[in-house]
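Report on the structure given below.
Chains as they are written, first to last, in my numbering: chain A, 1072 to 1197; chain B, 14 to 223.
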């Protein structure tokens, strides 16, 4: 069974970078797949990878990460300007960030309008 | 916000006191893209010696390697830089994957441990780069989250970027796909292994490592 946990943006918006990343890693380490509303800052994405590496051990093998931002492409002129403004003021709430434990998620393939989440087959117990 | 300001101040001060010849050119990218093969090609072309060992098993480079004072010449101009070859950035490491390549468990675990440290170091070193060449395997999907994260972080740090689609000698290589994934950057198709299109790469380095 695969468990998803939705994290609305308001749950991380007042947190500092380190606590944002820790919150996501803590959920992933419970073998859950995080669906975060919006996206982390670029530097936080890199921090997420660094922290995941620090946490690697017997059970935790790292993460699979995908950021889906459907409006990234095809934004022009005023619309782009408006969205950039709202991103600065309200934080980056657009799109979706998926973070899963590498022991559960094999790969996340994304397409502007489609997400394929390939999970590892769990071994059947006799 | 404070972190961003700190980085800008550090960069400004660093640039003020660092000599021109100390330009740091980083090679970044996912594992097995050919960073060390490219580093070796550059070093062979201009210094007559290799920089590091290469292998088909991922995470062969697990420590930052620096070759200082490489001078390249192109069209009558000269450019000096310190070349920084970095461990490939990945989001997961599983020692069992190394064992599939015939490695013993103990060695595989050690490699995994060193690889994780290497990735952390690569990310830490992002702040210290003056220009970066992102080395992608042109036979693979260029639009992976790791690649996007590397590009995004360099963009956020205002570091000039050149993207290289390596392994262009292979049939499956698709340089146009790499260009389509990163239209805002110069993308050059090369074969570091066979030295194909290196002249074009050297010319492009002058643009990013001023």
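Think of the CB as a built atom: it goes at the ideal place given N, C-alpha and C, for glycine as much as any other residue.
| Minimum C-alpha distance to residue 204 (chain B) - residue among B:46, B:35, B:36, B:39 | Taking the first residue of the second chain as position 1, residue 204 (chain B) is located at position 191. Taking only the C-alpha atoms, the option nearest residue 204 (chain B) is B:46.
| query | Using the beta-carbon count (16 or more within 10 Å), is residue 74 (chain B) buried or exposed? | reply | Residue mapping note: residue 74 (chain B) aligns to position 61 of the second chain, counting from 1. That one is buried.
| request: Just tell me which of B:94, B:123, B:65 has its CA closest to the CA of residue 221 (chain B). | output: To locate residue 221 (chain B), count along the second chain from 1; it is residue 208. Selected option, being the one with the closest Cα: B:94.
| Residues that residue 197 (chain B) contacts on chain A, provided the C-beta gap is smaller than 9 Å | Translated into positions along the second chain, residue 197 (chain B) becomes position 184. Chain A residues near residue 197 (chain B): none, gap ~12 Å exceeds 9 Å.
| From residue 163 (chain B) to residue 115 (chain B), what does the alpha carbon distance come to, in whole angstroms? | Here residue 163 (chain B) refers to the residue found at position 150 of the second chain. Here residue 115 (chain B) refers to the residue found at position 102 of the second chain. Residue 163 (chain B) and residue 115 (chain B) have their C-alpha atoms roughly 31 Å apart.
| request: Pull up the distance between the alpha-carbon of residue 1191 (chain A) and that of residue 1102 (chain A), whole angstroms please. | output: In the first chain, counting from the first residue as 1, residue 1191 (chain A) sits at position 120. In the first chain, counting from the first residue as 1, residue 1102 (chain A) sits at position 31. Their Cα atoms are separated by approximately 12 Å.
| Alpha carbon to alpha carbon, how far is residue 89 (chain B) from residue 216 (chain B)? | Position 76 of the second chain holds residue 89 (chain B). Position 203 of the second chain holds residue 216 (chain B). Taking the straight line from one Cα to the other gives about 11 Å.
| field | residue 1135 (chain A) - partner residues in DSSP beta bridges | value | Start at 1 with the first residue of the first chain, and residue 1135 (chain A) comes out as number 64. Partner(s): A:1171.
| Separation of residue 1082 (chain A) from residue 1123 (chain A), as counted between CA atoms | Here residue 1123 (chain A) corresponds to residue number 52 of the first chain, with the count starting at 1. Here residue 1082 (chain A) corresponds to residue number 11 of the first chain, with the count starting at 1. So the alpha carbons of these two residues sit roughly 21 Å apart.
| For residue 58 (chain B), does the three-state DSSP call read helix, strand or coil? | Sequence index remark: in the second chain, residue 58 (chain B) carries index 45 (1-based). In the structure shown, residue 58 (chain B) sits in a helix (DSSP, three-state: H, G or I).
| request: Please go through the region 135-214 of chain B and give each complete alpha helix (DSSP H) segment of 4 or more residues, from N-terminal end onward. | output: List check, alpha helix (DSSP H) in window: 158-169, 188-194.
| request: Could you check what DSSP says for residue 1153 (chain A) in three-state terms: helix, strand or coil? | output: What you label residue 1153 (chain A) is simply residue 82 of the first chain in a count that begins at 1. Residue 1153 (chain A) falls in the helix class under three-state DSSP.
| request: Kindly give me the distance between the Cβ atoms of residue 49 (chain B) and residue 65 (chain B), rounded to whole angstroms, as I take these residues to be in contact under 8 Å. | output: Start at 1 with the first residue of the second chain, and residue 49 (chain B) comes out as number 36. Start at 1 with the first residue of the second chain, and residue 65 (chain B) comes out as number 52. Between residue 65 (chain B) and residue 49 (chain B) the Cβ distance is about 5 Å, and since that is below 8 Å, they are a contact.
| Members of the region 126-152 of chain B near chain A, C-beta cut-off 8 Å | Only 129, 130, 132, 133, 136, 137, 139 from the region 126-152 of chain B bring a Cβ to less than 8 Å from some Cβ of chain A.
| Secondary structure at residue 1196 (chain A), three-state DSSP: helix, strand or coil? | If you number the first chain from 1, residue 1196 (chain A) lands on position 125. At residue 1196 (chain A), the pLDDT of 45 sits below 50, so the modelled position is not reliable; the number obtained from the coordinates is stated separately. Of the three classes helix, strand and coil, the one that applies to residue 1196 (chain A) here is coil, per DSSP.
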